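In my numbering, the protein residues as written are 411 to 645.
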């Protein structure tokens, strides 16, 4: 078995385990914090997990290619020498990745809400009514591809240390899960603030569809007139 195939399989496994562990942890937190919130949603949750595991396979393939290319050919901008860039660049690189990922997500998300693409692909995600923690990666394969290529693409463009990349991936997973769990984890001042997307904002998107397209920030929604405010979720 080739090293490239092994790398892809390893990344598929990592993405799947990360999804199951994070989703399981917040599903347990939901059961403890808000018993019965997901009552009657077992068939939906099974669909969400099925689609999400299929998405994990799609996410793992470009990630495996990047890992293989970095380790064997030095293709990417991932650096391991701490002296290669100033210390202040570490947090800056994380912010650059968040800004680039958020812009990509906003515009591809709006595109997926075009009627033809919605019916073809994005309807799978919006079949989660209401969404649960397990909906974080519940995508049609076409939509999964749009999400799977962004971070692997960025490592060829923006230099980043593996530790900083780990932070990006951890926050991406955390926000994906908590934004769908149906209750608000963050303090009211943050959830009702002007800049960040939380469960309160993404719940409104699942309710109204044509608003709150962002992933991390409300910047593009506010700039483009698609900010629908925040739902008043339980805490």
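All C-beta atoms in this analysis are idealised placements derived from N, C-alpha and C, irrespective of residue type, glycine included.
A quick note: this is a predicted structure, and the numbers were derived from the prediction, not measured.
**Request:** Mind checking which residues open and close the alpha helix (DSSP H) that includes residue 576?
**Result:** 572–588
**Item:** DSSP three-state assignment for residue 596, whether helix, strand or coil
**Value:** coil
**Asked** Got a sec, what are the start and stop residues for the alpha helix (DSSP H) residue 610 sits in?
**Response** 609–618
**Request:** Output the distance between the C-alpha atoms of residue 442 and residue 435, rounded to the nearest integer angstrom.
**Result:** 11 angstroms
**Asked** Going along the chain, which unbroken runs of the alpha helix (DSSP H) with 4 or more residues stay wholly within the segment 413–501?
**Response** 413–443 and 452–483
**Message:** Please give me, in chain order, every unbroken run of the alpha helix (DSSP H) with length at least 4 that falls completely inside the segment 531–558.
**Reply:** 533–536 and 551–558
**Prompt:** To the nearest angstrom, how far is it from the Cα of residue 561 to the Cα of residue 511?
**Reply:** 7 angstroms
**Message:** Using 8 angstroms for Cβ pairs, my map puts residue 551 next to residue 424. What's the rounded Cβ distance?
**Reply:** Actually they are not in contact, since the Cβ atoms of residue 551 and residue 424 sit about 19 angstroms apart, beyond 8 angstroms.
**Prompt:** Going by the beta-carbon positions, is the gap between residue 544 and residue 455 smaller than 9 angstroms?
**Reply:** yes
**Among 591, 573 and 615, nearest to residue 444 - alpha-carbon criterion** = 591
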